[in-house]
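Everything below concerns the one structure shown next.
2 protein chains.
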Amino acid sequence: MAKRHLSLKDLASELNISISTVSRALKNHPDISPELTRKVQELAAARHYVPNPLAMGLLKQETKMIGVIVPDLVTHFYSSVISGIEEYAKNRGYFILLASSYESMEKEIESISNLLKARVDGMIVCLSKETSRFDHFLQLIENEIPLVFFDRVCLTELVPCVVADNRNSVEKIVSHLKEEGFKRIAFISGPAYLSISQERIEGYLSGLKKSGLEFDPDLLQSCSMLTEEAIRITDSFLVLPNPPDAIFAINDMVIFTVMKELKRRGIKIPEDFGVVGFADEFHATFSSPELTTITHPTWEIGLKAAELFFKKMEDPTFAETVVLKTTLVARESSKKLKIKN
Amino acid sequence: MAKRHLSLKDLASELNISISTVSRALKNHPDISPELTRKVQELAAARHYVPNPLAMGLLKQETKMIGVIVPDLVTHFYSSVISGIEEYAKNRGYFILLASSYESMEKEIESISNLLKARVDGMIVCLSKETSRFDHFLQLIENEIPLVFFDRVCLTELVPCVVADNRNSVEKIVSHLKEEGFKRIAFISGPAYLSISQERIEGYLSGLKKSGLEFDPDLLQSCSMLTEEAIRITDSFLVLPNPPDAIFAINDMVIFTVMKELKRRGIKIPEDFGVVGFADEFHATFSSPELTTITHPTWEIGLKAAELFFKKMEDPTFAETVVLKTTLVARESSKKLKIKN
DNA sequence: TCCGCGTACGCAAAGCATTGCGGAGAAGAA
DNA sequence: TTCTTCTCCGCAATGCTTTGCGTACGCGGA
Numbered sequence: 029m030a031k032r033h034l035s036l037k038d039l040a041s042e043l044n045i046s047i048s049t050v051s052r053a054l055k056n057h058p059d060i061s062p063e064l065t066r067k068v069q070e071l072a073a074a075r076h077y078v079p080n081p082l083a084m085g086l087l088k089q090e091t092k093m094i095g096v097i098v099p100d101l102v103t104h105f106y107s108s109v110i111s112g113i114e115e116y117a118k119n120r121g122y123f124i125l126l127a128s129s130y131e132s133m134e135k136e137i138e139s140i141s142n143l144l145k146a147r148v149d150g151m152i153v154c155l156s157k158e159t160s161r162f163d164h165f166l167q168l169i170e171n172e173i174p175l176v177f178f179d180r181v182c183l184t185e186l187v188p189c190v191v192a193d194n195r196n197s198v199e200k201i202v203s204h205l206k207e208e209g210f211k212r213i214a215f216i217s218g219p220a221y222l223s224i225s226q227e228r229i230e231g232y233l234s235g236l237k238k239s240g241l242e243f244d245p246d247l248l249q250s251c252s253m254l255t256e257e258a259i260r261i262t263d264s265f266l267v268l269p270n271p272p273d274a275i276f277a278i279n280d281m282v283i284f285t286v287m288k289e290l291k292r293r294g295i296k297i298p299e300d301f302g303v304v305g306f307a308d309e310f311h312a313t314f315s316s317p318e319l320t321t322i323t324h325p326t327w328e329i330g331l332k333a334a335e336l337f338f339k340k341m342e343d344p345t346f347a348e349t350v351v352l353k354t355t356l357v358a359r360e361s362s363k364k365l366k367i368k369n
Numbered sequence: 029m030a031k032r033h034l035s036l037k038d039l040a041s042e043l044n045i046s047i048s049t050v051s052r053a054l055k056n057h058p059d060i061s062p063e064l065t066r067k068v069q070e071l072a073a074a075r076h077y078v079p080n081p082l083a084m085g086l087l088k089q090e091t092k093m094i095g096v097i098v099p100d101l102v103t104h105f106y107s108s109v110i111s112g113i114e115e116y117a118k119n120r121g122y123f124i125l126l127a128s129s130y131e132s133m134e135k136e137i138e139s140i141s142n143l144l145k146a147r148v149d150g151m152i153v154c155l156s157k158e159t160s161r162f163d164h165f166l167q168l169i170e171n172e173i174p175l176v177f178f179d180r181v182c183l184t185e186l187v188p189c190v191v192a193d194n195r196n197s198v199e200k201i202v203s204h205l206k207e208e209g210f211k212r213i214a215f216i217s218g219p220a221y222l223s224i225s226q227e228r229i230e231g232y233l234s235g236l237k238k239s240g241l242e243f244d245p246d247l248l249q250s251c252s253m254l255t256e257e258a259i260r261i262t263d264s265f266l267v268l269p270n271p272p273d274a275i276f277a278i279n280d281m282v283i284f285t286v287m288k289e290l291k292r293r294g295i296k297i298p299e300d301f302g303v304v305g306f307a308d309e310f311h312a313t314f315s316s317p318e319l320t321t322i323t324h325p326t327w328e329i330g331l332k333a334a335e336l337f338f339k340k341m342e343d344p345t346f347a348e349t350v351v352l353k354t355t356l357v358a359r360e361s362s363k364k365l366k367i368k369n
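Sequence lines, in order, name chains P and B.
Going left to right, the first sequence walks through residues 29 to 369 as the numbering used here numbers them.
Going left to right, the second sequence walks through residues 29 to 369 as the numbering used here numbers them.
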């Protein structure tokens, strides 16, 4: 119902000159006399003329829109990354078109199709937890549509990626727990085909080795990231003949569920059990006890992903993977030693 | 760098027919013979032809995009509402263009301008906490650009709005705390010009009256929603000659800050102090003690806002305000009586 | 044989901005 | 006076789709 927007034609007819002259005057083309240029620019400013992006898009074959697909919007990690992407994109005059995969590969494919219909210039994606095949992304690559992955990645030879230093993060967790006096460290990982699961498991194994702890397969479990399964796995750890005395998990949802289950069973954190998560500041500091956690530079992941996106636009062969450092913030949930003192 | 997209022209030349014939065949126009229609549709399907939305937009003067402006993305409440909006919009073939005001009126105005440049068909907005003047929205209304507000609203005579039942919510909180045995109930509200602040203060006053508690101005404070101020106000309550024994606050950020400050000072919740928030499920259940809270139907707010948006598109005079019911979920943080038993 | 009508399709304009090229007009030179 | 040249601006095509209107062809009836 909105009124028709102002166009070059309107300005042209108001000044009794041609559309092309208006267009040129607005970009200070030397062919247009200074006086006329001034007059046109003044009128355009007064009327708040803005070029029609649809027309520009049609002409330039670009929409200045970036499709962003995340597993969900409500998880702090993703919304924070999106904020970062948006910030960078905005400064380059680009907009973000948002789509959720709801952790479903089917919806992920559907989202790609939707974004393609909207003619986005490219996409920035975090894989759904179900995504074990990558045909849909290969198709994008074949069509030379710029693509960037973050966090959960794949096809790293072809696609620029932004990831946290997962391996090192987990090593930090293991060595921290070891130093705090925990000896049997359990890890609840995610689906096996996810890059973050694989890297963190590697870090778990190498971390154990470095810390001189031995690996017990019983203490490493994959989790679909559902609440019920997190509870089930936690319980299964507790009934082990030789149960763990510390635990960390792949995301905040899982680790908070674990904490809740431990508390429900009267197990004291950190006295009886050390707990560490991959979580965001907000959650970690408001939990009780405050959660020791690896913090991702979420905002920076978003900025970097956007930056890589624009690089990829300029250079289709670009496919660098940027690894961002994480920080282990030691809080109460892992402070066994301090408590003992 | 993406390849040129497939157009009607491509299909037409491949079949040696005119563009208009292809266009008509695709929409089963009776002028086109059944065989040709079939041939065209088969080719279009094989080539995955999708009409160019830019061309359509140019023609129809619409972009099928809705601008959404929220104070920030990382707050669960907003991201959840956005999810709801996105869901509804997607099913109607619309996309969402996201913009953050970062709680700043200046950025809010800038976002509106940006979205206008992108030629969104309309906007769904939650006011920034700074927004005390509404000229920028009046301008949208003058230009007949469909607009819907949610949560923090204004100009309700002109604009459809979706809000939670704030007054009733607060009455529920007050009566709940009263029943649990708390007698001096403090409230940390938000900036005075925000609709949610006003309505909740009204609910606070009427709730006190209904519960037979008297109003003490010392126990009602406005807060800019910054951590430092939440701490300052909490402290100021505690040094009152006649301090409160319960508290609730306008959002989860504030209430968790309050809880943390209370705990830091060794005050026991809920034994010494009852605490209630306006917060989301996730945070509330993972805090310790678990937080008694008013839960907003966030997803539904988003769905409803989108629904009203489409109504507003059809009927420019439409300006209904929809009030959604909230629920008080009683958890540990307010269970004084249970503890005593 | 010719008219009329229906069938099945093509032309072109509109929506908007950009840009190569052509052209009108003026001023200077011969 | 006439030709050249430069300045300054307009025409038209391009990108893509929709749709009113025009048209070619075929067939039946007179």
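Just so it is clear, CB atoms sit at the ideal spot from N, CA and C, and this is done for glycine as well.
Quantities reported herein were computed from a predicted structural model and do not represent experimental measurements.
- Pairing ILE94(P) with LEU125(P) gives a Cβ-Cβ distance under 8 Å.
- Under the 8 Å criterion on CB atoms, THR91(B) is classed as interfacial with respect to chain P.
- DSSP places MET287(B) in the helix class (H, G or I) of the three-state scheme.
- At least 8 Å separates the CB of VAL181(B) from every CB of chain P.
- Here HIS76(P) is exposed: its Cβ has fewer than 16 other Cβ atoms, across all protein chains shown, within 10 Å.
- Taking C-beta atoms as the reference points, ILE283(P) and CYS251(P) fail to come closer than 8 Å.
- Ranking PHE210(B), PHE162(B), PRO269(B), PRO325(B) by CA distance to the CA of ILE275(B) puts PHE210(B) first.
- The secondary-structure analysis by DSSP pairs ILE110(B) with nothing; it has no beta-bridge partner.
- The region 183–198 of chain B makes contact with the region 350–358 of chain B: 3 or more CB pairs, one atom from each, lie closer than 8 Å.
- Its Cα nearest to that of SER129(B), the residue LEU155(B) stands out among ALA192(B), ALA307(B), LEU155(B), ALA53(B).
- Per DSSP, VAL198(B) is not a residue of any beta strand (DSSP E); the alpha helix (DSSP H) it occupies stretches across 194–207.
- In the DSSP assignment, PHE210(P) falls outside any alpha helix (DSSP H) and carries neither an H nor an E.
- Judged by DSSP in its simplified three-state form, ALA74(P) adopts helix.
- Contiguous alpha helix (DSSP H) elements confined to the region 134–172 of chain P occur at 163–170, taking only those with 4 or more residues.
- Judged by their CB atoms, LEU101(P) and SER111(B) are nearer to each other than the 8 Å cut-off.
- Short of 6 Å from the beta carbon of ALA214(P), and not among the five residues preceding or following it, lie these beta carbons of its own chain, in chain order: LEU247, PHE265, PRO272, ILE275.
- Non-local beta-carbon contacts of GLU185(P) in its own chain, meaning distances under 8 Å to residues more than five positions away in sequence, involve ALA347 in chain order.
- In this structure, ILE140(B) is the residue among GLY294(B), ALA72(B), ILE140(B) with its C-alpha nearest to the C-alpha of ASN171(B).
- One finds VAL102 in chain B with Cβ atoms closer than 7 Å to the Cβ of HIS104(P), taken in chain order.
- Those residues of the region 107–133 of chain B placed with their C-beta closer than 8 Å to a C-beta in chain P are SER107, SER108, ILE110, SER111, GLU114, LYS118, PHE123, ILE124, LEU125, LEU126, ALA127, SER128, ordered along the chain.
- Counting along the chain, no beta strand (DSSP E) covers MET84(B); the unbroken alpha helix (DSSP H) around it starts and ends at 81–88.
- The residue among VAL191(B), GLU208(B), ALA127(B), MET133(B) with its C-alpha nearest the C-alpha of GLU360(B) is GLU208(B).
- SER250(P) is bridged by DSSP to SER217(P).
- Here the alpha carbons of PHE314(B) and LYS364(B) stand approximately 20 Å from one another.
- Per DSSP, the beta bridge partners of PHE177(B) are VAL153(B), CYS189(B).
- Taking 8 Å as the upper bound on Cβ-Cβ separation, chain P lies near residues VAL78, ASN80, PRO81, LEU82, ALA83, GLY85, LEU86 of the region 76–88 of chain B.
- Counting along the chain, GLY95(P) sits inside no alpha helix (DSSP H); it lies in the beta strand (DSSP E) bounded by residues 93–98.
- For HIS33(P), at least one C-beta of chain B is nearer than 8 Å to its own C-beta.
- With respect to the 8 Å criterion, VAL202(B) and TYR232(B) are classified as neighbours on the basis of their beta carbons.
- Residue ALA334(P) holds the alpha-carbon nearest to the alpha-carbon of THR326(P) among THR320(P), LEU319(P), ALA334(P).
- For the pair of segments examined, the region 40–56 of chain P was found to touch the region 68–84 of chain P: the number of CB pairs separated by less than 8 Å reaches three.
- Distance from the CA atom of GLU134(P) to the CA atom of LYS157(P), rounded to whole angstroms, is 11 Å.
- Here PHE346(B) carries a coil assignment [DSSP, helix/strand/coil].
- LYS364(P) does not reach chain B, its nearest Cβ partner there being about 19 Å away, counting only Cβ pairs nearer than 8 Å.
- Chain B places a beta carbon closer than 8 Å to that of ALA146(P), counting this residue as a contact.
- Taking all protein chains in view, the Cβ of THR65(B) is crowded by 16 or more other Cβ atoms within 10 Å, so the residue is classified as buried.
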